[in-house]
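In our numbering, the protein residues as written are 1488 to 2215.
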């Protein structure tokens, strides 16, 4: 802007000459304000690089640990998988489709040692332990000179049309499940491991420059990528890792700039009688360069602490005019190492603005370009940048070296959001039959497969059934939601199912520390909240107390829910606990066209073998509830009358002014009288009443003096548990 304004004013005042003077002055002002020259150098960092498949693109070389996308070099069509699952009587079956694909991704044009993590659409597809987070198989070809073709590609393309890709590292995914990625091949990036740190410049030049000795450690760099010419990468490394090149002998030698053991002391400067030579009577000339040529002020790199996302570190110090010079280095490192490199580079460039022209007349083979020297009467160490042989001596151009190296530099990489890498977790399974809810559309029996795991990285399991035929047949998928499972640390003491239990407690160890339980009010309990299966009894709990480590103490209990009052005294330590909150796979055997299986099994990605579990509460959905309120009373004349109140499956609420629904095809009861030796008499009844004459009572008492009445309700498919009534 100043160039345009001043050139216009100068042209108006002084003509063409004035315009040139004004333009020159304006350029100096613009340079002082905005800076000049290139402000960004080095290979550009790829912030959102994803896997592509394009002809003609080069495959980069990787050194150390790097994250890169790669090129898809082979792929099959998507494979469709069809799964049909029944939803019970009166409901149509659900058919779901999933897709998988097989493909190969080229990673590096030089051999690698292996792969670490793999990201797909920003989420972890493969963890640091080598576990795939979704279904499929991964094979890694490291690019060695003797590697064999991949068997999948050979099977698809034929042995004669499948190269081995020797010298090229690539990965092959076989039958990778795509359901988590919208049924498409996701955007992949790979943590490529290609050698151990620290890196060395000799690795970069290996196979590129013949007969070269380049022992320059690249301290601080954990990984590096070379996507273009090696010269571009070396130019980006030069401000951070300055090196001296010596091509005087038969072999090119590259060494760190301060690898010299001790500096060479130069003699006193020689004067010259030529007035045009520098130095005059002193033999040297000292100069300090301008600040127009900015040192590297910003270093952009891949940050290890943030999963190789691009980061930036700035050099401390007084800001210079204009935009800071930014160096983009395709290398991976910690934030502290990046800060140290840019700080050291900036300080080195600031000291190097001091130059000295020094004339000597003595030949010293140790003094050549790149040598480190000291000057009599001048502090510090200097590097020989140039030399020129003249008639009055050898003129050396020296630059000042930094007085000391930067140490103790710390940096904050910033807060990232790395994808969680949970260890592979095996599946845990609890299977049970659910009580009928009274809805005619609900199938009977209805099974529940509650599957869970020890951490949130578990992504579901396939549920299978065992019908006693020697095989496990697939039923469906559990889904990713983990059921709240656990075990009882102690046996729950017995209590009355008719009263709210305020005194007894039980401690539950849940399957994972991140699973949780919540309390409930009495109103919420009455609406069915916090139902759980503990052993063979369904309970409800009002209060929970976290004990740490996934341990929870339950109190405020309703016992014997759902017709399980017969199991209130059958508890033991270590029995299964599962929260009946709707999580899990509901199984309707009738929709499968089969009887209920004998056992259920589940197998996930981390399971070496199926996890099996017996079906608890078997038959509870078909079995009528036991009658209640049984009472026997003597009648006038010596007769006996036994009455009871029936209950119905699915009728868990007892509304006022409404009879309990029957829930069965007909009402019927099977009553008997006897003792431990067995019944002595029985009756088949159609109403909740048993009337006995005095003679019948006498004969019953004579046959079994300690006998009791046992009353069962006859259901359409099963008999209820007995109601026991004592003699009056």
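Even glycine gets a Cβ: it sits at the ideal position worked out from N, Cα and C. Keep in mind it's a predicted model, so treat the numbers as computed, not measured.
Uninterrupted alpha helix (DSSP H) stretches at least 4 residues long and entirely within the stretch 1597–1682 occur at 1638–1644, given in chain order. Residue pairing of residue 1799 in beta bridges, as defined by DSSP: 1787. Taking 8 Å as the upper bound for CB-CB distance, residue 1906 and residue 1618 are not in contact here, some 14 Å apart. For the options 1739, 1706, 2155, 1565, the alpha carbon positioned closest to that of residue 1665 is the one of 1565. Secondary structure within the stretch 1714–1777: the alpha helix (DSSP H) runs of 4 or more consecutive residues, fully enclosed, are 1717–1724 (chain order). Excluding the 5 residues flanking it on each side, residue 2176 has same chain C-beta neighbours closer than 6 Å at 2130, in chain order. With a threshold of 16 other beta carbon atoms within 10 Å, residue 2116 falls short and is exposed.
Secondary structure of residue 2186 (DSSP, three-state): helix. Remark: C-beta atoms of residue 1640 and residue 1601 do not approach each other more closely than 8 Å. Three or more Cβ pairs drawn from the stretch 2188–2202 and the stretch 2150–2167 lie within less than 8 Å of each other, which places the two stretches in contact.
Non-local beta-carbon contacts of residue 1847 in its own chain, meaning distances under 8 Å to residues more than five positions away in sequence, involve 1753, 1754, 1756, 1757, 1854, 1880, 1881, 1883 in chain order.
When only Cα atoms are considered, residue 1714 and residue 1547 end up about 4 Å apart. Sorting 1644, 2112, 1818 by C-alpha distance to the C-alpha of residue 2203 places 2112 at the top. Contact between the stretch 2150–2159 and the stretch 1942–1953 is absent: fewer than three C-beta pairs spanning the two stretches fall below 8 Å.
A contact is defined here as three or more CB-CB pairs under 8 Å, and the stretch 1689–1708 meets this definition with respect to the stretch 1802–1821.
If the five residues before and after residue 1562 are omitted, its C-beta is found closer than 6 Å to the C-beta atoms of 1590, all from its own chain and listed in chain order. Pairwise C-beta distances place the stretch 2054–2068 in contact with the stretch 1978–1990, as three or more of them are shorter than 8 Å.
Relative to the Cα of residue 1865, the nearest Cα in the group 1885, 1877, 1872 belongs to 1885.
Between residue 1544 and the set 1567, 1583, 1552, 1595, the nearest pair of CA atoms involves 1595. Each residue's CA atom was taken as its position, placing residue 2001 and residue 1825 some 37 Å apart. With fewer than 16 other Cβ atoms inside 10 Å of its own Cβ, residue 1610 counts as exposed. Taking C-beta atoms as the reference points, residue 1959 and residue 2083 fail to come closer than 8 Å.
Of all C-beta pairs linking the stretch 1920–1939 to the stretch 2071–2083, three or more are shorter than 8 Å, placing the two stretches in contact. Residue 2011 sits in a helix when the DSSP states are folded into three classes. Contact between the stretch 2038–2053 and the stretch 1986–1999 is present: three or more C-beta pairs spanning the two stretches fall below 8 Å.
In this model, residue 1815 and residue 1832 are separated by some 14 Å (Cα to Cα). DSSP places residue 2178 inside the beta strand (DSSP E), whose first and last residues are 2176–2179. Per DSSP, residue 1963 is one residue of the beta strand (DSSP E) stretching across 1959–1964.
Per DSSP, reduced to three states, the secondary structure at residue 1828 is helical. Sixteen is the threshold: since fewer than 16 other Cβ atoms of the shown chains lie within 10 Å of the Cβ of residue 1685, the residue is exposed.
As the crow flies, the alpha-carbon of residue 1676 is around 28 Å from that of residue 2090. Per DSSP, residue 1691 is one residue of the alpha helix (DSSP H) stretching across 1688–1692. Scanning 1673, 1629, 1860 for the CA closest to the CA of residue 1652 turns up 1629. DSSP places residue 2154 outside both helix and strand once states are collapsed to three, so it counts as coil.
Under DSSP, residue 1842 takes part in a beta bridge, and its partners are 1774, 1886. In its chain, beyond the 5 residues on either side, 1938, 1947, 1948, 1950, 2072 have a beta carbon closer than 6 Å to the beta carbon of residue 1965.
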